[in-house]
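See structure below.
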Amino acid sequence: MGVIGDPIAHSFSPDMHNAAIEALGLDGCYVAYHVLPDRVGEAIAGVRGFGLLGLNVTIPHKLAVMEHVDRISEEALAVGAVNTIHNENGELTGYNTDVFGVLTAIERVAGITTLPSKCVVLGAGGAARAVTYGLASRPEVETVVLLNRTTERAEALATDMEKITGKAICPGGMDVEEQRTAFSDAGLVVNTTSLGMYPNVDASPLSAPSVIHPDLVLYDTVFNPLNTVLMGQFQSVGAKAYGGLDMLVFQGARSFELWTGTFPPTDVMKQAVIGRFS
100 MGVIGDPIAH SFSPDMHNAA IEALGLDGCY VAYHVLPDRV GEAIAGVRGF
150 GLLGLNVTIP HKLAVMEHVD RISEEALAVG AVNTIHNENG ELTGYNTDVF
200 GVLTAIERVA GITTLPSKCV VLGAGGAARA VTYGLASRPE VETVVLLNRT
250 TERAEALATD MEKITGKAIC PGGMDVEEQR TAFSDAGLVV NTTSLGMYPN
300 VDASPLSAPS VIHPDLVLYD TVFNPLNTVL MGQFQSVGAK AYGGLDMLVF
350 QGARSFELWT GTFPPTDVMK QAVIGRFS
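Our numbering puts the first residue of the sequence shown at 100, with every later residue one more than the last.
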């Protein structure tokens, strides 16, 4: 097992997965592989050649690997990206476990078992595709509002997701009034932008704290740092806010389960990542 990307030295995945392997007493290891874009096909062929259980896939290879696997799951097709490959006797299936990761984190950590009918997603990149699909796939969600600095990107993603999910996906910009309108009757905001991520820890996608109401819940997919400026802005007005570490852990746990048939101890995986911050 392992993860491929370019760059890859920053990855927390080896810490998480090796901690789970050790906790379960399994015979194996998880390795980070630096794979350049023009060698992706060879790397995936190596999964078959070496008989690896599978790989995680990170930036910038999540799209490129799709042409090198035998099957692609429904979620990965909808999101348009593969972050997990499972090898079953030489047959490779591509999955996207980010959907499981964010929905499980919202349910188990934020305690929201029934999602609000209206949710807001900040950003329109790859993570936003997974989050929007995950939210809109839940029957209780009626509307997802997509806010992005470049409105055209939000519009394009909204069009795709409406066709796939059959739900109302409403695009918009990031100015104060659009955020205020979107937040006013929403119950959940998920930040998928990189604003506030290390090293730019002082940044936030929020135009003004005044757009937040206390009944709004934030899930910020940024996990480094563990507590972001955006989380602090929500908490300052009495709203609940949660960081992205649990999404990282749960998406990794789902990958681990696909490879081994065993759902790993997520508390052990989480502590392994937290250990990197100390």
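Beta carbons: idealized from backbone N, C-alpha and C, even for Gly.
Looking only at H167, I373, L329, the smallest Cα-Cα distance to S306 is reached by L329. CA-to-CA, the gap between D114 and A352 works out to about 12 Å. Looking from the CA of G295, the closest CA among T320, V275, F282 belongs to T320.
Taken in chain order, the complete alpha helix (DSSP H) segments of 4 or more residues contained in the region 214-238 are 225-235.
In the three-state scheme derived from DSSP, where H, G and I count as helix and E and B as strand, I171 is classed as strand. By the beta-carbon neighbour count (other beta carbons within 10 angstroms, threshold 16), R375 is exposed. N247 sits in coil when the DSSP states are folded into three classes, being neither helix nor strand.
Taking 9 Å as the cut-off, the Cβ atoms of V181 and Y232 do not count as close. Here the region 193-210 lies against the region 338-350, with 3 or more beta-carbon pairs under 8 Å apart.
With respect to the C-alpha of P238, the residue from L214, Y318, K161, G271 having the closest C-alpha is L214. Note that the C-beta distance between V310 and F355 is not below 9 Å. DSSP places P113 in no beta strand (DSSP E) but in the uninterrupted alpha helix (DSSP H) bounded by 112-123. A straight line joining the alpha-carbon of G337 with that of G286 spans about 14 Å. For I373, the secondary structure class from DSSP, reduced to helix, strand or coil, is helix.
Under the DSSP assignment, D319 falls in the beta strand (DSSP E) whose first and last residues are 316-319. Between the region 222-229 and the region 248-262 there are three or more C-beta pairs closer than 8 Å, enough to call the two in contact. Taken through DSSP and simplified to helix, strand or coil, P270 comes out as strand. Its chain contains A118, A119, A122 as the residues whose beta carbon lies nearer than 7 Å to that of V367, once the 5 sequence neighbours on both sides are disregarded; these appear in chain order.
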